[in-house]
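Enquirer:
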Amino acid sequence: MSKSPAEAKSGKPANGEYVTLIDHSTEKQYDLLVRSGTEGPKVIDIQSLYKDTGYFTYDPGYTSTGSCESTITFIDGEIGILRHRGYSIEELAEHSDYMDVCYLLLYGELPNASQKSDFVHEITYHSMVHEQLLYFYRGFRRDAHPMAIMAGVVGALSAFYHESTDINDPEQRRMATHQLVAKMPTIAAMAYKYSLGQPFVYPRNDLSYAANFLHMAFSVPAEEYNVNPVLARAMDRIFILHADHEQNASTSTVRIAGSSGANPFACIAAGIASLWGPAHGGANEAVLTMLREIGSKDRIPEFIKRAKDKNDPYRLMGFGHRVYKNYDPRAAVLRESTHEVLAELGIKNEPLLDTAIELERIALQDDYFVEKKLFPNVDFYSGITLQAMGFPTSMFTVLFALARTVGWIAQWKEMIKEPNQRIGRPRQLYSGSQERTFVPLDKR
Ligand code: SDX
Numbered sequence: 103m104s105k106s107p108a109e110a111k112s113g114k115p116a117n118g119e120y121v122t123l124i125d126h127s128t129e130k131q132y133d134l135l136v137r138s139g140t141e142g143p144k145v146i147d148i149q150s151l152y153k154d155t156g157y158f159t160y161d162p163g164y165t166s167t168g169s170c171e172s173t174i175t176f177i178d179g180e181i182g183i184l185r186h187r188g189y190s191i192e193e194l195a196e197h198s199d200y201m202d203v204c205y206l207l208l209y210g211e212l213p214n215a216s217q218k219s220d221f222v223h224e225i226t227y228h229s230m231v232h233e234q235l236l237y238f239y240r241g242f243r244r245d246a247h248p249m250a251i252m253a254g255v256v257g258a259l260s261a262f263y264h265e266s267t268d269i270n271d272p273e274q275r276r277m278a279t280h281q282l283v284a285k286m287p288t289i290a291a292m293a294y295k296y297s298l299g300q301p302f303v304y305p306r307n308d309l310s311y312a313a314n315f316l317h318m319a320f321s322v323p324a325e326e327y328n329v330n331p332v333l334a335r336a337m338d339r340i341f342i343l344h345a346d347h348e349q350n351a352s353t354s355t356v357r358i359a360g361s362s363g364a365n366p367f368a369c370i371a372a373g374i375a376s377l378w379g380p381a382h383g384g385a386n387e388a389v390l391t392m393l394r395e396i397g398s399k400d401r402i403p404e405f406i407k408r409a410k411d412k413n414d415p416y417r418l419m420g421f422g423h424r425v426y427k428n429y430d431p432r433a434a435v436l437r438e439s440t441h442e443v444l445a446e447l448g449i450k451n452e453p454l455l456d457t458a459i460e461l462e463r464i465a466l467q468d469d470y471f472v473e474k475k476l477f478p479n480v481d482f483y484s485g486i487t488l489q490a491m492g493f494p495t496s497m498f499t500v501l502f503a504l505a506r507t508v509g510w511i512a513q514w515k516e517m518i519k520e521p522n523q524r525i526g527r528p529r530q531l532y533s534g535s536q537e538r539t540f541v542p543l544d545k546r
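Reading the sequence shown from the start, the letters are residues 103 to 546 in this note's numbering.
#1: Just to check my reading of the structure: D346 and I518 have Cβ atoms closer than 8 Å, yes? What is that Cβ distance to the nearest angstrom?
#2: Does the Cβ-Cβ distance between I342 and A195 come in under 7 Å?
#3: Could you tell me which residues DSSP pairs with I124 in its beta bridges?
#4: Between M419 and the ligand SDX, is there a pair consisting of the residue's CB and a ligand heavy atom that are separated by less than 6 Å?
#5: Assign T499 to buried or exposed, taking buried as 16 or more other Cβ atoms, counted over all protein chains shown, within 10 Å of its Cβ.
#6: Between A434, Y470, L501 and D430, which has its C-alpha nearest E180's C-alpha?
#7: Please determine if the region 363-375 and the region 276-293 are in contact, where contact requires at least 3 C-beta pairs separated by less than 8 Å.
#8: Return yes when at least one heavy atom of the ligand SDX lies under 6 Å from the C-beta of K474, else no.
#9: Return the chain-ordered ranges of every beta strand (DSSP E) run that is complete within the region 394-437 and spans a minimum of 3 residues.
#10: Report all residues from its chain with a CB closer than 6 Å to the CB of G485; omit the five preceding and five following residues, and keep chain order.
#11: Which of the three DSSP states is assigned to F238 in this structure?
#12: Which same chain residues, not among the five before or five after M318, have their C-beta less than 7 Å away from its C-beta?
#13: The beta strand (DSSP E) spanning H186 covers which residue range?
#14: Any heavy atom of the ligand SDX closer than 6 Å to the CB of D481?
#15: Measure from the alpha carbon of R424 to the alpha carbon of each residue in V256, L476 and E325, then state which is nearest.
#16: What residues match up with T391 in a beta bridge as DSSP calls it?
#17: Go through its chain and collect everything with a Cβ distance to Y189's Cβ below 6 Å, but skip five positions before and after it.
#18: Identify, in the order they occur along the chain, each residue of the same chain with its Cβ nearer than 7 Å to the Cβ of K427, setting aside the five sequence neighbours on each side.
#19: For T175, write down the residues that DSSP places opposite it in a beta bridge.
#20: Closer than 6 Å: is that where the CB of H223 sits relative to any heavy atom of the ligand SDX?
#21: Just list the residues that DSSP pairs P478 with in beta bridges.
#22: Looking at the structure shown, is E192 part of a helix, part of a strand, or coil, going by DSSP?
#23: Apart from the five residues just before and just after R339, which ones in its own chain have a Cβ nearer than 6 Å to its Cβ?
#24: Within 6 Å: the Cβ of A345 and any heavy atom of the ligand SDX?
#25: Would you mind listing the alpha helix (DSSP H) stretches within the region 279-355 that are 4+ residues and don't spill past its ends, in chain order?
#26: If I measure Cβ to Cβ from G363 and keep anything under 7 Å in the same chain, skipping five residues before and after, which residues do I get?
#27: Apart from the five residues on each side of it in sequence, which residues of its chain come closer than 6 Å, Cβ to Cβ, to G118?
#28: Between which two residues does the alpha helix (DSSP H) holding C369 run?
#29: So, with DSSP's three-state summary, where would you put R137?
#30: Counting only the same chain and skipping the five closest in sequence on each side, list residues whose C-beta sits under 7 Å from that of T226.
#31: Which of helix, strand or coil does DSSP assign to I146?
#32: If we ignore side chains and look at the alpha-carbon of each, how far apart do K111 and T155 end up?
#33: List the DSSP bridge partners of E119.
#34: Can you tell me where the alpha helix (DSSP H) holding H223 begins and where it ends?
#35: Between the region 371-387 and the region 236-256, do at least 3 Cβ pairs fall closer than 8 Å?
#36: Specify, as a first and last residue, the run of the alpha helix (DSSP H) that T499 falls within.
Written out as structure tokens, the structure is:
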């Protein structure tokens, strides 16, 4: 399809690769510029397509559409690659901690010792929330889903931190970035404590990010609570694995919300709302519900049969991915973490894990799953690990949102700084009624 500019009819400057679109209804030809990144598929630049041709493109679900140019995360779904700023997720999960990955996503490089010390200090010393926020929680029913609380509280943060909402002020953007990364664990732990009817636990500045979260979630004023370092490391690794993932549904939501100039707290609240869906971040909670519903290994074939039935909307939660047509590299790392956590807690013969491992074994041999390249994704194992650590399923997506906040913010920052940043406003294929004359009520 691509033609050298010399052959192109439109006389475009001969300084790039083109594809030519031929409109057979008019025999007109249009040369569309092809752009290459540093990795991954090339793109056809269609920014002036409508102006030049009068056509829109049509791509519901954006299966073939790039919404932006980014330097943050690269995914190759065919071979199961995930890299942040060029570093593989396997190496980051093995050798770094979540604060390293936050700095990398936000500032483009792994921090050196002094950069890391300054960053960790900044995040640590912003981990408390405005005391007035505690009364905000009291407006929720105790049985409110923690994700409903997260969406409400994070959306309200601009009312408490109004001095970091001017998106055109780099210092306010920096402050909002650090406030969000720092306060999400506190807000998440408070949502959990509120659902238990237990008192809120303040953060401690002598604990690491993940250990502090476990402390705020599981300690009670009545006794000492010592964070298990193995669980803290597993928690930190789970945060790393969920930190960013290119232009997924919730990140795209944050970008499009930010494109209108909305403040960063409102944009992150929009991302939380999108992540909550069971097809996206809500899948980790749905995986546990599914495993409980399956109940025992001998019922697995019945559920696989339902997942394959075109007339049944049932899907195996934790399987399949829009981009990964190979094993999700995060699932492989998480599976390892799951075994470490269960061993540390002395949990043997965990029935849900046994069912999960058997389900994975059968599904990966089944023609339907093999043909459609439906592999376990990040959500398949995360729920089992989190449950073993003591979290209720209703908190699983909250932890995903906590970890993903840094990715949302990094992508939001990148979008805000784009030189030709414009409001996101897709078009449509209209197939509704054509013009009709109004019918008065007594004539209908
Ligand atoms: C996340 O985008 C991201 O990066 C997301 C994420 C991130 O880090 O941000 O990775 C996190 O959201 C992971 C995905 C978690 N969701 C689930 O585990 C829910 C179960 N999975 C499916 O709902 C589905 O696989 C999606 C939503 C993940 C992907 O949907 P797509 O890309 O729109 O794929 P599709 O629905 O078109 O499925 C392709 C085919 C279909 O069959 P045909 O119409 O071609 O005959 O595969 C089938 C689907 O019916 N299929 C499944 C299936 N997933 C897809 N069949 C049974 N069980 C499944 N899980």
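Where a beta carbon is used, it is the ideal one built from N, C-alpha and C, also for glycine.
Expert: With the structure as the only source:
#1: Locating residue 346 in the sequence shown gives position 244, where the first residue counts as 1. Locating residue 518 in the sequence shown gives position 416, where the first residue counts as 1. Contact flag wrong, Cβ pair sits at about 16 Å.
#2: Position 240 of the sequence shown, counting from 1, holds the residue named residue 342. Position 93 of the sequence shown, counting from 1, holds the residue named residue 195. Cβ atoms of I342 and A195: closer than 7 Å.
#3: Position 22 of the sequence shown holds residue 124. Per DSSP, Q131.
#4: Translated into positions along the sequence shown, residue 419 becomes position 317. Yes, since a heavy atom of the ligand SDX falls inside the 6 Å radius drawn around the Cβ of M419.
#5: Within the sequence shown, the letter at position 397 stands for residue 499. The residue in question, T499, is buried, as its Cβ has 16 or more Cβ neighbours within 10 Å.
#6: Taking the first residue of the sequence shown as position 1, residue 180 is located at position 78. Comparing Cα positions, the closest option is D430.
#7: yes
#8: Sequence index remark: in the sequence shown, residue 474 carries index 372 (1-based). Answer for K474: yes, Cβ within range of the ligand SDX.
#9: none
#10: Locating residue 485 in the sequence shown gives position 383, where the first residue counts as 1. Here the set comprises N386, V389, L390 and F498.
#11: Here residue 238 corresponds to residue number 136 of the sequence shown, with the count starting at 1. When DSSP states are grouped into helix, strand and coil, F238 belongs to the helix group.
#12: The residue you call residue 318 lines up with position 216 of the sequence shown. Within the same chain, M318 has close Cβ partners P287, T288, A291, V303 and P305.
#13: One-based indexing of the sequence shown puts residue 186 at position 84. Run containing H186: I183 to H186, per the beta strand (DSSP E) assignment.
#14: Here residue 481 refers to the residue found at position 379 of the sequence shown. Correct: D481 has its Cβ closer than 6 Å to the ligand SDX.
#15: For the purposes of this step, residue 424 is identified with residue 322 of the sequence shown, where counting begins at 1. Closest by alpha carbon: L476.
#16: Here residue 391 refers to the residue found at position 289 of the sequence shown. None; T391 has no bridge partner.
#17: Here residue 189 refers to the residue found at position 87 when the sequence shown is read from its first residue. So the list is empty, once near-sequence residues are dropped.
#18: For this step, residue 427 is matched to residue 325 along the sequence shown. If we look at K427 and ignore the five residues flanking it on each side, its Cβ neighbours are G179, E180 and K475.
#19: By one-based count along the sequence shown, residue 175 stands at place 73. Answer by DSSP bridge pairing, in chain order: H186.
#20: Here the question's residue 223 lines up with position 121 in the sequence shown. No; taking the cut-off as 6 Å, the Cβ of H223 has no heavy atom of the ligand SDX nearer than that.
#21: Working through the sequence shown from its first residue, we reach residue 478 at position 376. P478 is bridged to F421.
#22: Taking the sequence shown and counting its residues from 1, the one referred to as residue 192 is at position 90. Here E192 sits in helix by DSSP.
#23: Sequence index remark: in the sequence shown, residue 339 carries index 237 (1-based). Excluding positions up to five away in sequence, the list reads A195 and S439.
#24: Here residue 345 corresponds to residue number 243 of the sequence shown, with the count starting at 1. No, the beta carbon of A345 sits no closer than 6 Å to any heavy atom of the ligand SDX.
#25: Counting only runs of at least 4 residues, the region 279-355 fully encloses the following alpha helix (DSSP H) elements, listed from N- to C-terminal order: 311-320 and 331-343.
#26: In the sequence shown, residue 363 corresponds to position 261, counting from 1. If we look at G363 and ignore the five residues flanking it on each side, its Cβ neighbours are I269.
#27: On the sequence shown, position 16 is the one that residue 118 refers to. Hits under 6 Å: L135.
#28: Numbered from 1 along the sequence shown, position 267 holds the residue referred to as residue 369. Note, C369: alpha helix (DSSP H), P366 to L377.
#29: Walking along the sequence shown from the start, residue 137 turns up at place 35. Correct three-state label for R137: strand.
#30: Within the sequence shown, residue 226 is the residue found at index 124, counting from 1. The residues are N307.
#31: One-based indexing of the sequence shown puts residue 146 at position 44. Looking at I146 - three-state DSSP - the assignment turns out to be strand.
#32: Here residue 111 is taken as the residue at index 9 of the sequence shown, counted from 1. Here residue 155 is taken as the residue at index 53 of the sequence shown, counted from 1. Bear in mind that a pLDDT of 41 at K111, under 50, signals an unreliable position, so the model cannot answer this.
#33: The residue given as residue 119 occupies position 17 in the sequence shown. Looking at the DSSP assignment, E119 forms a beta bridge with V136.
#34: Position 121 of the sequence shown, counted from the start, is the residue given in the question as residue 223. Counting along the chain, the alpha helix (DSSP H) containing H223 begins and ends at A215 to T226.
#35: yes
#36: What you label residue 499 is simply residue 397 of the sequence shown in a count that begins at 1. Looking at the DSSP string, the run of the alpha helix (DSSP H) that includes T499 is F498 to I518.
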